[in-house]
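Quick notes on the structure that follows.
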Amino acid sequence: MEAVRLMMDVVERASQKRLTFLSHAELESTRSEAEAARKAEDDMLLQALKGCRMESELFNRLEAQRIETKRLAQETVLLIEYPEDVGSTSDKGKAPMDSDVDDKLKVLEEAIGAQRSDHQVLAGKEDSLDSKVDGLHAKFDQILALLSTSKP
Numbered sequence: 012m013e014a015v016r017l018m019m020d021v022v023e024r025a026s027q028k029r030l031t032f033l034s035h036a037e038l039e040s041t042r043s044e045a046e047a048a049r050k051a052e053d054d055m056l057l058q059a060l061k062g063c064r065m066e067s068e069l070f071n072r073l074e075a076q077r078i079e080t081k082r083l084a085q086e087t088v089l090l091i092e093y094p095e096d097v098g099s100t101s102d103k104g105k106a107p108m109d110s111d112v113d114d115k116l117k118v119l120e121e122a123i124g125a126q127r128s129d130h131q132v133l134a135g136k137e138d139s140l141d142s143k144v145d146g147l148h149a150k151f152d153q154i155l156a157l158l159s160t161s162k163p
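Add 11 to the 1-based position in the sequence shown for the working numbering, that's all there is to it.
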């Protein structure tokens with residue numbers, strides 16, 4: 012705005028066609044100050060946009076990382092580390108199981124069962140959503156058919 016006002020003043024002064032004691036250095040310095048202010052404002056806006064873009068990219072990366080972590084947490088089966096026997100390999104699997112290991116296995120089986128039931132519930136919800144979408148598509152087709160037949 013300031014640059015436009017400055018240009019209008021210069022045009023008005025040029026059309027007067029009279030000699031004045033006006034210093035051209037003053038006009039040049041005012042114009043250069045206006046250009047510097049405009050450039051500073053443009054740079055500030057550019058930096059703000061870059062900051063927004065970087066924050067958006069960071070947010071997207073964090074969201075992807077959160078989703079990946081959630082997915083891994085759902086898929087991960089608890090691993091139990093068994094102490095390795097230094098004895099012969101022919102005796103492996105023959106020793107009776109500890110009650111602690113048996114309890115851990117029951118917990119794992121329950122977790123797997125819960126995951127299966129959650130998966131089945133999600134599959135049921137997906138099927139119901141698919142049927143609802145199909146119903147909406149059919150209704151939309153009927154509406155389009157009615158609209159196309161009602162036009163003269």
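The C-beta atom is built at its ideal place from N, Cα and C for all residues, glycine as well.
Quiz item: Of all the alpha helix (DSSP H) runs that stay within the bounds of the segment 111 to 157, which reach a length of 4 or more residues?
Solution: none
Quiz item: Cα separation between Glu52 and Ser159?
Solution: One-based indexing of the sequence shown puts residue 52 at position 41. One-based indexing of the sequence shown puts residue 159 at position 148. If you take the alpha carbons of Glu52 and Ser159, they lie about 54 Å apart.
Self-check item: Met19, DSSP secondary structure in three states
Solution: Your numbering for residue 19 matches position 8 in the sequence shown. Helix, per DSSP.
Quiz prompt | Rounded separation between Asp54 and Met18 - CA only | solution = As a first step, residue 54 must be located in the sequence shown, where it is residue number 43. As a first step, residue 18 must be located in the sequence shown, where it is residue number 7. Approximately 23 Å, taken between the alpha carbons.
Quiz item: How many angstroms separate the CA atom of Glu13 from the CA atom of Val144?
Solution: Taking the first residue of the sequence shown as 1, we reach residue 13 at position 2. Taking the first residue of the sequence shown as 1, we reach residue 144 at position 133. For Glu13 and Val144, the distance between alpha carbons rounds to 57 Å.
Self-check item: Spatial distance of Val22 from Leu73 (CA atoms)
Solution: Within the sequence shown, the letter at position 11 stands for residue 22. Within the sequence shown, the letter at position 62 stands for residue 73. Approximately 56 Å, taken between the alpha carbons.
Quiz item: Once you ignore the five residues that flank Val88 on each side, which residues in its own chain have a CB closer than 8 Å to its CB?
Solution: The sequence position of residue 88 within the sequence shown is 77, counting from 1. Because Val88 sits at a pLDDT of 48, beneath the cut-off of 50, its placement in the model cannot be relied upon, and the following sentence gives the value as read from the coordinates. Leu119, Ala122, Ile123.
Quiz item: With respect to the alpha helix (DSSP H) encompassing Met55, which residues constitute its N-terminal and C-terminal limits?
Solution: Within the sequence shown, numbered from 1, the residue matching residue 55 stands at position 44. Note, Met55: alpha helix (DSSP H), 35 to 86.
Quiz item: How would you label Ile91, buried or exposed, when you count the other beta carbons within 10 angstroms and need 16 or more for buried?
Solution: As a working mapping, residue 91 is identified with position 80 in the sequence shown. Residue confidence for Ile91 is low, a pLDDT of 45 falling below 50, so the modelled location carries little weight; the figure read from the coordinates is stated next. Counting Cβ neighbours within 10 Å, Ile91 comes out exposed, since fewer than 16 surround it.
Exercise. Alpha carbon to alpha carbon, how far is Gln85 from Gln126? Give it in angstroms, no decimals.
Key: For this step, residue 126 is matched to residue 115 along the sequence shown. For this step, residue 85 is matched to residue 74 along the sequence shown. Cα to Cα, the separation comes out at about 8 Å.
Exercise. Kindly indicate which residue of Ser139, Gly62, Asp20, Leu56 has the alpha-carbon position closest to the one of Arg42.
Key: Taking the first residue of the sequence shown as position 1, residue 42 is located at position 31. The shortest Cα separation from Arg42 among Ser139, Gly62, Asp20, Leu56 belongs to Asp20.
Practice problem: Might you give, ordered along the chain, the residues of its own chain that have their beta carbon closer than 6 Å to the beta carbon of Ala8, omitting 5 neighbours on each side? | Solution: Here the chain has residues from 12 to 163 only, and residue 8 is not among them.
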